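Asker:
2 protein chains.
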Amino acid sequence: MPLIVVGSVAIDNVETPLERRDNLLGGSATHFSYAASFFTSVRLVGVVGADWPEQHTEMLNSRGIDTSGLHVVADGKTFTWTGRYHDNMNDRDTLDVQLNVFGEFDPVLPEQYRRAKYVFLANGVPAVQMKVLSQVPGRRLAVADTMDLWINTAREDLDELLKQLDGLVLNDSEAKLLTNTENLVTAGHRVREMGPKFVVIKKGEHGAMFFGEHETYVLPAFPTTDVIDPTGAGDSFAGGMMGYLAEQDNFDPATLKTALAYGILVASYNVEGFGLERMHSITRKDIESRMAEYRKMLSF
Amino acid sequence: MPLIVVGSVAIDNVETPLERRDNLLGGSATHFSYAASFFTSVRLVGVVGADWPEQHTEMLNSRGIDTSGLHVVADGKTFTWTGRYHDNMNDRDTLDVQLNVFGEFDPVLPEQYRRAKYVFLANGVPAVQMKVLSQVPGRRLAVADTMDLWINTAREDLDELLKQLDGLVLNDSEAKLLTNTENLVTAGHRVREMGPKFVVIKKGEHGAMFFGEHETYVLPAFPTTDVIDPTGAGDSFAGGMMGYLAEQDNFDPATLKTALAYGILVASYNVEGFGLERMHSITRKDIESRMAEYRKMLSF
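Protein chains in written order, with this note's numbering: chain H, 21 to 320; chain Z, 21 to 320.
1) What does H:D107 reach in chain A if we use C-beta pairs closer than 7 Å?
2) Alpha carbon to alpha carbon, how far is H:S193 from H:M167?
3) Whose C-beta lies closer than 7 Å to the C-beta of Z:R134 among residues of the same chain, with five residues either side of it excluded?
4) For the stretch 204 to 238 of chain H, list every residue whose C-beta sits within 8 Å of some C-beta in chain Z, in sequence order.
5) Can you find a CB in chain H that lies within less than 7 Å of the CB of Z:R294?
6) Show which residues of chain H have a CB atom less than 7 Å away from the CB atom of Z:L318.
7) In this structure, how does DSSP classify H:H209 when only helix, strand and coil are distinguished?
8) Considering H:G283, what are the terminal residues of the alpha helix (DSSP H) in which it resides?
9) Quick one: grab the DSSP three-state call for H:G89.
10) According to the neighbour-count rule (16 or more other Cβ atoms, all chains shown, within 10 Å of its Cβ), is H:S17 buried or exposed?
11) In chain H, what lies closer than 7 Å to Z:T245 by C-beta?
12) Under a three-way DSSP split, which group does Z:D179 fall into?
13) Does at least one heavy atom of the ligand COA sit under 6 Å from the Cβ of Z:S61?
14) Here's the rule I'm using: 16 or more other beta-carbon atoms within 10 Å means buried, otherwise exposed. How should H:S324 be labelled?
15) Which residue marks the beginning of the beta strand (DSSP E) containing Z:L64, and which one marks its end?
16) What's the gap between the Cα of Z:F242 and the Cα of H:N120?
17) Tell me where the alpha helix (DSSP H) around Z:V148 begins and ends.
18) By the criterion of Cβ-Cβ separation under 9 Å, what are the contact partners of Z:T278 in chain H?
19) How long is the line joining the alpha carbons of H:M311 and H:S288, rounded to whole angstroms?
20) Report buried or exposed for H:H234, applying the criterion of at least 16 other Cβ atoms within 10 angstroms of its Cβ.
21) Against Z:A274, what residues of chain H qualify as contacts under a CB-to-CB distance less than 8 Å, listed in chain order?
22) Mind pulling the chain Z residues with CB within less than 9 Å of H:A281?
23) Leaving out five residues before and five after H:F271 in sequence, what residues of the same chain have Cβ atoms less than 7 Å from its Cβ?
24) For H:S82, count neighbouring Cβ atoms within 10 angstroms of its own Cβ and tell me buried if that reaches 16, exposed if not.
25) Report the three-state DSSP secondary structure of Z:W101 (helix, strand or coil).
26) For Z:M262, which of Z:D107, Z:S309, Z:G283, Z:D32 has the nearest alpha-carbon?
27) Can you name, in chain order, every residue of its own chain whose Cβ lies under 6 Å from the Cβ of Z:L260, other than the five neighbours on each side?
28) By Cβ distance, which residues of its chain are closer than 8 Å to H:K196, with the 5 residues on each side in sequence left out?
29) Mapping DSSP to helix, strand and coil, what is H:I31?
30) Rounded to a whole number of angstroms, what is the C-alpha to C-alpha distance between Z:V145 and Z:V62?
31) Using a C-beta to C-beta distance shorter than 7 Å, which residues of chain H count as neighbours of Z:P240?
32) Could you have a look at Z:D192 and say whether DSSP puts it in helix, strand or coil?
33) At the level of alpha carbons, what is the spacing between H:L198 and Z:N108?
34) Look up H:R112 in the DSSP assignment and give the residues it is bridged to.
35) Applying the 10 Å Cβ sphere with the 16-neighbour rule, what's the burial state of H:H226?
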């Protein structure tokens, strides 16, 4: 089934302890789309400026991603993020953020996108995320990401959004902040009580936790030594997960768990190169081969 | 097969955000012994003072732990540790440490212990750990724990010890410190290159990683909401792991992975009560029941 993703499309400048790279294809919706494209057809809704390099769109199209929902503002500039990673490659400082055209992002879905069954709202203003939901009334599965900024500054809207979602994906520190608790298991259950049918807590190098009505579980990350650039790992995770669900056109508990595992594996590839470079070099076969290793790792 | 453990036996005073408890049965070798006793016969070597409560020894004996190697110094005082946990129940401050008789600990194994095949050296001075090894020349499997203090102050001895070990168990921050690297996968491999045939990195609430000649894997922690007192979780982990290996009298790769899982599950019980209280309330059947849940959690 086709999968719609709405969210940021950006130009990233990334500095790691070893290297700095500028003008990378970045953004939440971008990393998500790329990851999901290994599993299903993806329709991307976002906004960029006149400075958007044509080769970035070509890179997305090369994986079959439908970019007809990518709006170009002729007199605008693209959202730009510049960040620097610490030695541990987990913590990072945002050196510069220029929201530019993304600051006025008011997504209007093309007519042919509005019958979508699978929808992902990448991290963004909760009011805008809700506006997207209202455009896909026939959806079967709507999942969103969020962040500390909205928990702190748009809590009322976020609370309303949570009631409309099937699933929420957020990271560990955000889950603790949202529920004012330090135990992640307690946090996960409490977020679920706020509305979503299921909650996924992303723990970065420690994997991900799932909270459903009858299920609580943890899956570890795939151990990789080649952490080159973690930017977009969480979005790739969500893309792998949602892509698999849309491919299967099913989200029963067993399919959700397998989807979580695919998310983890796609994210493990994402971090092995700057921007989407490593992802650009792999195929579904590589993902399946890592899946076989991962299943073996978890069997005893 | 009988399992020998040599290390600290202590009286703990523990403060958590909710409660303070004094005079708990504590110490590395104690938590280890208790955990291992669900699987095999355990022989504890340690030292206490005249203030050691008889009921603590009785509690160990109640699980069949052989305490004939627990030396009582008539004019001495028992090692005492007092600590306070932060709200996150992971970080803690040591408020007071009184090494007392443990500061002069010079373990001499009873004759009947010296033919032991399975030996665990709980965290302690590396020179003393080596002295223990020299007393069990016919051992089949010797595993040790260590800590930042020895990495920083007794590095030469520690390096020598590592060459004599079959396995080393240490936590994530210690592995990073020992190898001067931030990536845990890299750290694990580097520690193994220092001597031990296998290395286990404990990640607390995030589980544990294993590094062998042909294997690298991660197993997640068992998700529990009831974190009452994490003291001794790492020692319980090691106890469950070594206890299972001694029970099976085997440490091939498959048995090691199952042992790691048992360590994780026993540790998940350990944190559910102050000191050894929760452990005192469970049976092997409870561990097996959690194991069934854990296997299910990791299957998809």
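All residues carry an ideal CB built from backbone N, CA and C; glycine is no exception.
None of these values were measured; they are calculated from a predicted model.
Answerer: In this structure, then:
1) You won't find chain A in this structure, because its protein chains are H and Z.
2) Rounded to the nearest whole angstrom, the CA to CA distance from H:S193 to H:M167 is 9 Å.
3) For Z:R134, where only same-chain residues beyond five positions count, the Cβ hits under 7 Å are Q155, V156.
4) Taking 8 Å as the Cβ-Cβ cut-off against chain Z, the residues of the stretch 204 to 238 of chain H that qualify are L204, V205, T206, H209, K223, E225, H226, G227, M229, T236, Y237, V238.
5) This sequence places Phe at residue 294 of chain Z; Arg is not what is there. Z:F294 has a beta carbon lying at 7 Å or more from every beta carbon in chain H.
6) Correct list: L318.
7) Looking at H:H209 - three-state DSSP - the assignment turns out to be helix.
8) Element bounds for H:G283: 273 to 290.
9) Note: H:G89 maps to strand in three-state DSSP.
10) Because chain H here runs from 21 to 320, residue 17 of chain H falls outside it and cannot be looked at.
11) Under a criterion of Cβ atoms nearer than 7 Å, the residues of chain H adjacent to Z:T245 are, in order, N203, V205, T206.
12) Of the three classes helix, strand and coil, the one that applies to Z:D179 here is helix, per DSSP.
13) For the ligand COA, the structure offers nothing, since it holds no ligand at all.
14) This structure leaves residue 324 of chain H out entirely; chain H is present only between 21 and 320.
15) Where Z:L64 is concerned, the enclosing beta strand (DSSP E) stretches over 62 to 69.
16) Taking the straight line from one Cα to the other gives about 44 Å.
17) Run containing Z:V148: 146 to 153, per the alpha helix (DSSP H) assignment.
18) Simply F320.
19) Here the C-alpha atom of H:M311 lies approximately 11 Å from the C-alpha atom of H:S288.
20) H:H234 is exposed by the Cβ-count criterion.
21) Under the 8 Å cutoff, chain H gives F320.
22) Chain Z residues near H:A281: F320.
23) Closer than 7 Å at the Cβ level, and outside the excluded window around H:F271, lie L161, L265.
24) By the neighbour-count rule (16 or more Cβ atoms within 10 Å), H:S82 is not buried but exposed.
25) Under the three-state reduction of DSSP output, Z:W101 falls in the strand class.
26) Taking only the C-alpha atoms, the option nearest Z:M262 is Z:G283.
27) Contrary to the premise, residue 260 of chain Z reads as Gly rather than Leu in this sequence. Excluding its 5 nearest sequence neighbours in each direction, Z:G260 has C-beta neighbours in its own chain below 6 Å: A55, Y282, G283, V286, listed in chain order.
28) Counting only Cβ-Cβ distances below 8 Å, and skipping sequence neighbours, we find E202, L204, A207.
29) Three-state result, H:I31: strand.
30) Computed Cα separation, rounded: 22 Å.
31) Simply G227, V238, L239, P240.
32) If DSSP states are grouped into helix, strand and coil, Z:D192 belongs with the helices.
33) Using only the alpha carbons, I get a separation of about 15 Å.
34) Beta-bridge partners assigned by DSSP to H:R112: H:Y105.
35) With 16 or more other Cβ atoms within 10 Å, it is buried.
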